[in-house]
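As given, the protein sequences belong to chains A and B, one line each in that order.
In terms of our numbering, the first sequence opens at residue 26 and continues consecutively.
In terms of our numbering, the second sequence opens at residue 26 and continues consecutively.
Below is one structure, written out as structure tokens, with a few remarks after it.
2 protein chains.
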Amino acid sequence: MKASGIIVEYNPFHNGHLYHAIQAKITTGADVVIAVMSGNFLQRGEPAFVDKWSRANMALKNGVDIVLELPYAFATSNAPSFARGAIQLLDAAQCSAFCFGSEDGEVNSFERSLLLLQQAGDNYEQTVKDAVSRGLSYPKALNEAYTMAANSSTIEGPLADLSKPNNILGFHYMEAARNIDSEMKAVTIPRIVAQYHDDAVAGNPIASATGIRKSFFESETLGTITDFMPDTALELLHDWQAENQSFGNWPTFYPQLRFTILREGPKRLAMIADVTEGIENLLYRAAADNGTFEGFMKDVKSKRYTWTRLQRMLTHIFTGFTYDIRSSMKTPSYLRLLGMTSAGRLYLNEHKKRLKLPLISKAAAFSNPSLDFDIHAADMYALGIGNGTSSSRIGVDYNTHPIIIQ
Amino acid sequence: MKASGIIVEYNPFHNGHLYHAIQAKITTGADVVIAVMSGNFLQRGEPAFVDKWSRANMALKNGVDIVLELPYAFATSNAPSFARGAIQLLDAAQCSAFCFGSEDGEVNSFERSLLLLQQAGDNYEQTVKDAVSRGLSYPKALNEAYTMAANSSTIEGPLADLSKPNNILGFHYMEAARNIDSEMKAVTIPRIVAQYHDDAVAGNPIASATGIRKSFFESETLGTITDFMPDTALELLHDWQAENQSFGNWPTFYPQLRFTILREGPKRLAMIADVTEGIENLLYRAAADNGTFEGFMKDVKSKRYTWTRLQRMLTHIFTGFTYDIRSSMKTPSYLRLLGMTSAGRLYLNEHKKRLKLPLISKAAAFSNPSLDFDIHAADMYALGIGNGTSSSRIGVDYNTHPIIIQ
Numbered sequence: 026m027k028a029s030g031i032i033v034e035y036n037p038f039h040n041g042h043l044y045h046a047i048q049a050k051i052t053t054g055a056d057v058v059i060a061v062m063s064g065n066f067l068q069r070g071e072p073a074f075v076d077k078w079s080r081a082n083m084a085l086k087n088g089v090d091i092v093l094e095l096p097y098a099f100a101t102s103n104a105p106s107f108a109r110g111a112i113q114l115l116d117a118a119q120c121s122a123f124c125f126g127s128e129d130g131e132v133n134s135f136e137r138s139l140l141l142l143q144q145a146g147d148n149y150e151q152t153v154k155d156a157v158s159r160g161l162s163y164p165k166a167l168n169e170a171y172t173m174a175a176n177s178s179t180i181e182g183p184l185a186d187l188s189k190p191n192n193i194l195g196f197h198y199m200e201a202a203r204n205i206d207s208e209m210k211a212v213t214i215p216r217i218v219a220q221y222h223d224d225a226v227a228g229n230p231i232a233s234a235t236g237i238r239k240s241f242f243e244s245e246t247l248g249t250i251t252d253f254m255p256d257t258a259l260e261l262l263h264d265w266q267a268e269n270q271s272f273g274n275w276p277t278f279y280p281q282l283r284f285t286i287l288r289e290g291p292k293r294l295a296m297i298a299d300v301t302e303g304i305e306n307l308l309y310r311a312a313a314d315n316g317t318f319e320g321f322m323k324d325v326k327s328k329r330y331t332w333t334r335l336q337r338m339l340t341h342i343f344t345g346f347t348y349d350i351r352s353s354m355k356t357p358s359y360l361r362l363l364g365m366t367s368a369g370r371l372y373l374n375e376h377k378k379r380l381k382l383p384l385i386s387k388a389a390a391f392s393n394p395s396l397d398f399d400i401h402a403a404d405m406y407a408l409g410i411g412n413g414t415s416s417s418r419i420g421v422d423y424n425t426h427p428i429i430i431q
Numbered sequence: 026m027k028a029s030g031i032i033v034e035y036n037p038f039h040n041g042h043l044y045h046a047i048q049a050k051i052t053t054g055a056d057v058v059i060a061v062m063s064g065n066f067l068q069r070g071e072p073a074f075v076d077k078w079s080r081a082n083m084a085l086k087n088g089v090d091i092v093l094e095l096p097y098a099f100a101t102s103n104a105p106s107f108a109r110g111a112i113q114l115l116d117a118a119q120c121s122a123f124c125f126g127s128e129d130g131e132v133n134s135f136e137r138s139l140l141l142l143q144q145a146g147d148n149y150e151q152t153v154k155d156a157v158s159r160g161l162s163y164p165k166a167l168n169e170a171y172t173m174a175a176n177s178s179t180i181e182g183p184l185a186d187l188s189k190p191n192n193i194l195g196f197h198y199m200e201a202a203r204n205i206d207s208e209m210k211a212v213t214i215p216r217i218v219a220q221y222h223d224d225a226v227a228g229n230p231i232a233s234a235t236g237i238r239k240s241f242f243e244s245e246t247l248g249t250i251t252d253f254m255p256d257t258a259l260e261l262l263h264d265w266q267a268e269n270q271s272f273g274n275w276p277t278f279y280p281q282l283r284f285t286i287l288r289e290g291p292k293r294l295a296m297i298a299d300v301t302e303g304i305e306n307l308l309y310r311a312a313a314d315n316g317t318f319e320g321f322m323k324d325v326k327s328k329r330y331t332w333t334r335l336q337r338m339l340t341h342i343f344t345g346f347t348y349d350i351r352s353s354m355k356t357p358s359y360l361r362l363l364g365m366t367s368a369g370r371l372y373l374n375e376h377k378k379r380l381k382l383p384l385i386s387k388a389a390a391f392s393n394p395s396l397d398f399d400i401h402a403a404d405m406y407a408l409g410i411g412n413g414t415s416s417s418r419i420g421v422d423y424n425t426h427p428i429i430i431q
């Protein structure tokens, strides 16, 4: 049996994701699709709309055969590290291809870009550093350096446009695969959602996850997002709402985040991963001054830091993820199975001796600092959802068995 | 002008406190009464019913002339350290006497007890240690050792009964005064509330603060406690309720406490002051399992730890008060003025050159780790009261000027 890998967040799962999963299977002629999925905190530094189990369930009912969890340390990291973690998992799961959505839709342009940056080497790095020291945000600095390299290059044919968010991720997936000499083939699928943040528009079956969440939080009813999701996924959102009343986002998690920022104080905040350059003082003051997340972000946002970078700091503050803890998790060391279909189970049975990392079906049976932190982060998430009062979901992650869909 | 000192919590101020303040003045023939008062967290390890400013205001309207804050490190500590901090402040404020309520009502019996324990010395300490290692709580162990020493003593005349809570504090006040060779005279006033936890009974003007709080939290209306408080104090409770909607107690603060226990994890909990002997694991498990404070305490309470001792750990966890921080605050280093009457102001003007510690009227003008922590603890308290959402009261402690009553 042959597997194709995809890297996802499903926040929440929508019609565009369904299309992507099916395309990944068809385009590559694979028997199963393996999704590496972020846990309860996401790459843009946000708590997930619903937890990993609900999102894995949505995926398994809609074209995905195996869901593996991308550990917290990678799931909440910048694009290169996120990509590295995810690609290593897909490689360890013996995928023969990995498949990503991109604005470009053309693998060759990514290959040219890889070659370009390889040739530019130190020059490129220096240009990035200079731009950051001039006050540009990191993504803007990267983009400036990339454009400069492209302008002075002799490589023929179009390059990938690395100002587009999915192209950036795609580029890093391919870079990561090259760096570990992976035998996986890279395949890209043009995104049918043209813009990353496409709003949800009634009558159009496709909207971005960002648009769907926005639509929900503005209306506070799932009724406004039914057009954009498969029924089985929507049903799981209804189940979630019945059980938890609230959905994950920073405004809901803010009271506990704020308490934590003020309790820790600037000195201890500076030990938290991604908190750099004295921003701990700004975070502390903003938390002291603001009772809402909106006001808080208004105070801390500046040209120097992207929204995403700030939110990643907040995620790490919320979970207590320090530089020390991060430095102990340089590379993924297990494949955590969140769920599988019967086809997925067949694939795993067939390949189990050749998997490059141990497959974890039950957290309680395996001891590992990275897995422990995933479980810890799930508890923090549950407290955020329940504002500290729900007792039922604490420890869930430790005890839950993988979802099995027949 | 002559001052008498008293040591108080006023949680909240009631008719018994009024009586005690007046008696302190009359008995000692003093011109002013100086109260050393705990801040927002109290000796039994609880958040105060209302904050220090409200409670100071109640006192200044009801017989107290000067209110000084007992710093957090002493206010939330065990009886000997609480007493040491408070007595040092009264001594530094040049009081000629200190006056405490006791069950015994007789200074001589305390003096005999002091002599007894001085004579028993190491024997006494050893008996305490042995009893603790047999599994007794610390207060029970002390009491056992004290009874043994009393039985083999040749001192004539009655000893203080150190199984009574106010007698214990009184004993430690006198011990602290002796240890610093204070010239203050010790005076005790028999408590008119016979039992420390006396319930509030309609028609009787005297109830304990514990009884008053219990009555309020059961009924959730201030109407049930009007009989037991001076009108001016009750009015301040109404003002507090209008502004904050809630009053301080652990059930209200529990969501944030729980989040903090689970975020910190056992390893970091063990660095918090008073967290000893592996109890961090028990605290962590109990927080994971319980959505209510009641359930949490049921799980952690055992014969080994008194309720008070457990609550003190929780207070320190809530505020982030580590062993490290505590070790930097061995002795009070300032007199923080929370408020004064015009008589109090005259007294301070007359004595300002002879005060043994600097008098702080404005926190912003003085830099000191202990004062910084008092301000920090006040912010934590405000977040507990407002469940992280109120923005108005953060930083209040830093900017508030002393209350002045004409």
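Note that beta-carbon positions come from the ideal geometry of N, C-alpha and C, so glycine has one too.
C-beta atoms of residue i and residue j nearer than 7 Å
i	j	result
residue 29 of chain B	residue 46 of chain B	no
residue 118 of chain A	residue 92 of chain A	no
residue 211 of chain B	residue 132 of chain B	yes
residue 255 of chain A	residue 95 of chain A	no
residue 402 of chain A	residue 65 of chain A	yes
residue 169 of chain A	residue 156 of chain A	yes
residue 73 of chain A	residue 273 of chain A	yes
residue 458 of chain B	residue 230 of chain B	The first residue shown for chain B is 26 and the last is 431, placing residue 458 of chain B beyond what the model contains.
Minimum Cβ-Cβ distance from residue i to chain B less than 7 Å
i	result
residue 286 of chain A	no
residue 313 of chain A	yes
residue 350 of chain A	no
Heavy atom of the ligand MG within 6 Å of residue i beta-carbon
i	result
residue 367 of chain B	Only the bare structure without any ligand can be found here, which leaves the ligand MG out of the picture.
Proximal chain B residues relative to residue i, where beta-carbon distance stays under 9 Å
i	result
residue 401 of chain A	287, 288 and 290
residue 404 of chain A	287, 288 and 313
residue 408 of chain A	280, 283, 284, 287 and 288
Chain B contact residues for residue i, given Cβ-Cβ distances below 8 Å
i	result
residue 281 of chain A	280, 281, 284 and 413
Chain A contact residues for residue i, given Cβ-Cβ distances below 7 Å
i	result
residue 369 of chain B	The premise fails here: residue 369 of chain B is roughly 31 Å from chain A at the closest Cβ pair, so nothing lies under 7 Å.
Reference residue i; option with closest CA among the options
i	options	result
residue 420 of chain B	B:428, B:291 and B:406	B:406
residue 341 of chain B	B:364, B:359, B:155 and B:103	B:103
residue 301 of chain B	B:381, B:121, B:262 and B:338	B:338
residue 383 of chain B	B:332, B:360 and B:286	B:360
residue 183 of chain A	A:136, A:194 and A:34	A:136
residue 276 of chain A	A:264, A:295 and A:317	A:317
residue 54 of chain B	B:120, B:43 and B:114	B:120
residue 395 of chain A	A:157, A:163, A:351 and A:315	A:351
residue 456 of chain B	B:76, B:168, B:112 and B:189	Limits of chain B in this structure are 26 at one end and 431 at the other, which puts residue 456 of chain B out of reach.
residue 128 of chain B	B:214, B:306 and B:242	B:214
residue 267 of chain B	B:79, B:32, B:40 and B:169	B:79
residue 287 of chain A	B:166, B:398, B:32 and B:178	B:398
residue 34 of chain A	A:142, A:226, A:152 and A:191	A:191
residue 265 of chain B	B:410, B:345, B:148 and B:99	B:410
Partners in chain B for residue i, counting only beta-carbon separations shorter than 7 Å
i	result
residue 297 of chain A	In chain order: nothing, as chain B lies at least about 11 Å away.
Below-7 Å beta-carbon distance, residue i vs any chain A residue
i	result
residue 345 of chain B	yes
residue 420 of chain B	yes
Below-7 Å beta-carbon distance, residue i vs any chain D residue
i	result
residue 169 of chain B	You won't find chain D in this structure, because its protein chains are A and B.
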